[in-house]
Amino acid sequence: MSTPDEATNDLDTVRERLNVVTQETRFSLVQDILGHPSGLPTLKELDYVNPSRSQTTIRQHLDRLVAAGIVEEVELPADRRQNDLPYKFYGISEAGRRFLDDHKLLRAEETLREIYARVEKTAKIERYESAPRPDR
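The numbering used here numbers the first residue of the sequence shown as 2 and each following residue consecutively.
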C-alpha cells in the first residue's frame, strides 16, 4: 500500500507525463513514431513528415519525450552500420507503451500506420525507411 506522499508523487508523475505527451508537437511525434512501419523512425524521417517544424524543434521535443521515459533513442550496433545510412532511431519505450496504453492513447496505432504508408516520400526518405534497424 502506498503512503499519501507516494500517491501524490505518482499522480504528479502521471500528470507531468500526460503534459509532455499531449503537447501538440510531441503528440504528433508520438503518432509519427507509432505510424512508422518499423516503429523506429530516424530524425530525418520525422523531419520529413513534419515540414512545418524545424529539425532543431523536433530534436528538442524528442529530448523531452526521452526524458519523460515515453520515447527511447536506439542505435544500430557499430558492426551493422552502413555508410550514408542512419544509425540512430527513436521508438516508444516499453514504459512509454504501457503509459500510452493505460491512457488509451494507442487505440489508433493501426490507422496511424495506414496514414504513414500513404505519405508520398522522396527517394532519400524511402532509402532511410528501408535502412537496417536495431533489434529491440
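Heads up, the beta-carbon is just placed ideally off N, CA and C, and yes, glycines get one too.
Relative to the C-alpha of residue i, which candidate in the options has its C-alpha closest?
{"i": "L106", "options": "Q32, L86, D85", "result": "Q32"}
{"i": "D64", "options": "Q83, Y91, G40", "result": "Y91"}
{"i": "T112", "options": "P38, V22, T14", "result": "P38"}
{"i": "R134", "options": "R114, T123, D102, L77", "result": "L77"}
{"i": "G36", "options": "I116, Y129, K122", "result": "I116"}
{"i": "P52", "options": "D103, Q24, E121", "result": "E121"}
{"i": "V22", "options": "D102, E127, L41", "result": "D102"}
Once the 5 residues before and after residue i are set aside, which same chain residues still bring their CB inside 6 Å of it?
{"i": "A118", "result": "none"}
{"i": "A132", "result": "L86, P87"}
{"i": "K45", "result": "Y129"}
Look up residue i in the DSSP assignment and say whether it is helix, strand or coil.
{"i": "I71", "result": "coil"}
{"i": "E130", "result": "helix"}
{"i": "N51", "result": "coil"}
Going along the chain, which residues of its own chain have a beta-carbon closer than 8 Å to the beta-carbon of residue i, five neighbours each way excluded?
{"i": "L47", "result": "L30, D33, I34, I59, L63, Y91"}
{"i": "Q83", "result": "A132, P133"}
Excluding the 5 residues flanking residue i on each side, which residues of the same chain have their C-beta closer than 7 Å to its C-beta?
{"i": "S94", "result": "G70, I71, V72, E73"}
{"i": "R54", "result": "T26"}
{"i": "G97", "result": "G70, I71, V72"}
Checklist line | Entirely enclosed beta strand (DSSP E) segments - the region 57-113, minimum 3 residues | finding: 72-76, 89-93
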